[in-house]
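Numbers in our numbering are just positions in the sequence shown, counted from 1, shifted up by 241.
Notes for the one structure printed next.
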Amino acid sequence: MSAVATTTVDIRPGGLWLAFTQNKLAWVGLVLLMLIVFVAVFAPWLAPYDPLEQNIVVRLEPPSAEFWLGTDSYGRDVFSRLLYGARISLFVGFVAILIAMLVGTTIGVLAGYIGGVFDQIVMGFLDVLLAFPTLLLGLMIAAMLGASLENLIIAIAVTEVAPFARVARAPTMTLRQRDFVEASRSYGCGPFRIMTRHILPNMISDVVVMSSLWLASAIRTEASLSFIGLGVPPPAATWGGMIREGFENILDAWWLAVFPSLAILVTVLALNLLGDALRDASDPRSRSR
242 MSAVATTTVD
252 IRPGGLWLAF
262 TQNKLAWVGL
272 VLLMLIVFVA
282 VFAPWLAPYD
292 PLEQNIVVRL
302 EPPSAEFWLG
312 TDSYGRDVFS
322 RLLYGARISL
332 FVGFVAILIA
342 MLVGTTIGVL
352 AGYIGGVFDQ
362 IVMGFLDVLL
372 AFPTLLLGLM
382 IAAMLGASLE
392 NLIIAIAVTE
402 VAPFARVARA
412 PTMTLRQRDF
422 VEASRSYGCG
432 PFRIMTRHIL
442 PNMISDVVVM
452 SSLWLASAIR
462 TEASLSFIGL
472 GVPPPAATWG
482 GMIREGFENI
492 LDAWWLAVFP
502 SLAILVTVLA
512 LNLLGDALRD
522 ASDPRSRSR
């Protein structure tokens with residue numbers, strides 16, 4: 242009985258918050274992410290110039306007091322485009338992960354609860370998706386659908402459905418055999434009510450924690466697809482597109498590729514630090530140390 246008691250997870254907000262605040266790196270990730278979100282939301286007020294305004298007279302200007310991060314080959318302010326690029330990257334990442342979480346969790350819960358042949362067919366199909374690297378699968382889907390904001394979100398969401406389904410399926414298979422689920426069946430509760438009222442609330446925390454880590458992967462995929470021309474079409478400012486434009490002038494204008502690369506690095510770092518902290522906070526073994 243004592244061994245079972247030590248592995249009980251405190252899922253109350255106070256317990257998770259206490260464990261989260263004990264991780265100093267979590268605060269670094271949280272502050273960085275809040276700063277990035279703030280910059281993205283208030284980009285129209287923070288950007289000193291129009292990100293689409295071209296001025297060929299000041300093309301490829303190095304960082305200066307007038308242009309903090311320099312200008313690109315069309316004379317557009319890099320700093321302004323960097324702020325607006327944060328909006329697209331975060332929007333694509335959040336929406337794609339939200340879609341993948343909803344679809345993948347639903348598939349995983351259904352497969353884990355129903356089991357049998359249905360589970361084997363669904364998991365076999367998801368194994369095929371998992372056999373492809375994330376970037377390669379996203380590249381294939383984006384190439385078939387074409388370059389647009391909506392197609393980019395769909396491509397990234399499809400690449401993340403299988404991992405979410407895997408995470409949701411495992412605890413569902415365990416929870417469906419628990420006593421409180423059997424008691425619900427004995428009272429005449431149907432499968433839909435059991436899955437939504439008893440199984441989903443007991444495993445959703447695992448899905449939410451992992452979504453913060455996969456959000457970083459979604460942002461990297463968005464930047465990679467934009468870099469090869471399968472993201473949001475120009476002249477929209479995207480971090481991947483800015484790196485692609487800067488790569489053509491890397492020897493003459495290093496700032497074009499360096500600053501958006503640093504923006505992606507900081508964003509991914511913040512999400513990874515935050516995701517690791519949430520995972521450790523929900524892990525009873527790490528919290529008992």
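All residues carry an ideal CB built from backbone N, CA and C; glycine is no exception.
Thinking just about the alpha-carbon of each residue, which of the options is nearest to the one in residue i?
i           : options            : result
residue 315 : 384, 445, 499, 486 : 486
residue 458 : 512, 349, 355, 343 : 512
residue 420 : 297, 371, 439, 271 : 439
residue 319 : 509, 516, 500      : 500
residue 286 : 268, 299, 321, 306 : 321
residue 475 : 357, 346, 317      : 317
residue 296 : 508, 313, 356      : 313
residue 468 : 379, 399, 510, 408 : 379
residue 502 : 327, 268, 299, 284 : 327
Do residue j and residue i count as a contact pair if the criterion is CB distance below 7 angstroms?
i           : j           : result
residue 341 : residue 402 : yes
residue 498 : residue 505 : no
residue 337 : residue 471 : no
residue 292 : residue 325 : yes
residue 410 : residue 349 : yes
residue 466 : residue 518 : no
residue 323 : residue 494 : no
residue 514 : residue 270 : yes
residue 479 : residue 277 : no
Is it the case that the CB of residue i approaches a heavy atom of the ligand MN more closely than 6 angstroms?
i           : result
residue 404 : Ligands displayed in this structure: none; no statement on the ligand MN is therefore possible.
Please report how far the alpha carbon of residue i lies from the alpha carbon of residue j, in whole angstroms.
i           : j           : result
residue 309 : residue 279 : 19 angstroms
residue 441 : residue 461 : 29 angstroms
residue 450 : residue 390 : 26 angstroms
residue 265 : residue 454 : 18 angstroms
residue 304 : residue 275 : 26 angstroms
residue 311 : residue 520 : 39 angstroms
residue 427 : residue 352 : 22 angstroms
residue 386 : residue 393 : 9 angstroms
residue 375 : residue 429 : 42 angstroms
residue 332 : residue 434 : 33 angstroms
residue 396 : residue 481 : 16 angstroms
residue 367 : residue 381 : 16 angstroms
residue 330 : residue 423 : 45 angstroms
residue 456 : residue 370 : 18 angstroms
residue 344 : residue 362 : 17 angstroms
residue 496 : residue 377 : 28 angstroms
residue 242 : residue 452 : Reliability fails at residue 242, whose pLDDT of 33 lies under 50, so the model's placement of it is uncertain and the value that follows must be treated cautiously. One C-alpha to the other measures close to 33 angstroms.
residue 444 : residue 364 : 19 angstroms
residue 273 : residue 354 : 39 angstroms
residue 248 : residue 415 : With a pLDDT of 34 at residue 248, under the threshold of 50, the modelled position of this residue cannot be trusted; read the value that follows with caution. Each residue's alpha carbon lies about 15 angstroms from the other.
residue 447 : residue 405 : 10 angstroms
residue 432 : residue 413 : 12 angstroms
Quiz prompt | Residue ranges of each beta strand (DSSP E) within the stretch 292 to 356, 3 or longer | solution = none
Quiz prompt | Unbroken stretches of the alpha helix (DSSP H), 4 residues or longer, contained in the stretch 470 to 529 | solution = 480 to 488, 496 to 523, 525 to 528
Quiz item: Which runs of the alpha helix (DSSP H) fall wholly inside the stretch 395 to 443 and span at least 4 residues, in chain order?
Solution: 420 to 427, 432 to 435
Self-check item: Within the stretch 360 to 387, ranges of the alpha helix (DSSP H) (whole runs, at least 4 residues)
Solution: 375 to 386
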